[in-house]
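Below is one structure; the comments refer to it alone.
Residue numbers (the UniProt record's numbering): 1 to 105.
Rendered as structure tokens:
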């Protein structure tokens with residue numbers, strides 16, 4: 001949007017300035033392990049108990065977005081607070097008590 005605005009240069013500078021203050025947390029092996037632990041806990045609690053049904057179950061069928069699991073894993077790894085009104089995070093908290101979630105809405 002900044003590129004197509006009438007004040008292109010000043011808006012791009014504002015966006016760039018904003019982005020410089022944001023820390024990017026990479027996905028690494030520790031994050032992937034935490035992601036797997038969260039996913040396993042979710043399946044244990046929310047997936048069907050019957051093996052044939054369980055095998056066919058995907059996270060989306062349980063009402064969880066894969067990206068939300070990655071966000072939760074990253075937050076737990078780095079002791080961060082997730083600020084979101086997405087109900088997936090409240091449900092993830094049911095299996096990951098250490099996850100801190102706040103809604104600013």
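We put the CB at the ideal spot given by N, CA and C, even for glycine.
The structure presented is a predicted model; accordingly, all values stated were derived computationally and were not measured.
Assignment of residue 105 by DSSP, reduced to helix, strand and coil, places it in the coil class.
Residue burial annotation: residue 105 is exposed, with fewer than 16 other C-beta atoms found within 10 angstroms of its C-beta.
In the same chain as residue 83, and ignoring 5 residues on each side of it, the C-beta atoms closer than 7 Å to its own belong to 102, 104, in chain order. According to DSSP, residue pairing for residue 100 in a beta bridge involves 81. Put simply, the backbone Cα of residue 22 is about 21 Å away from that of residue 9. Fully enclosed beta strand (DSSP E) runs of no fewer than 3 residues occupy 81–83 of the UniProt domain "PIN" (7–94), in order along the chain.
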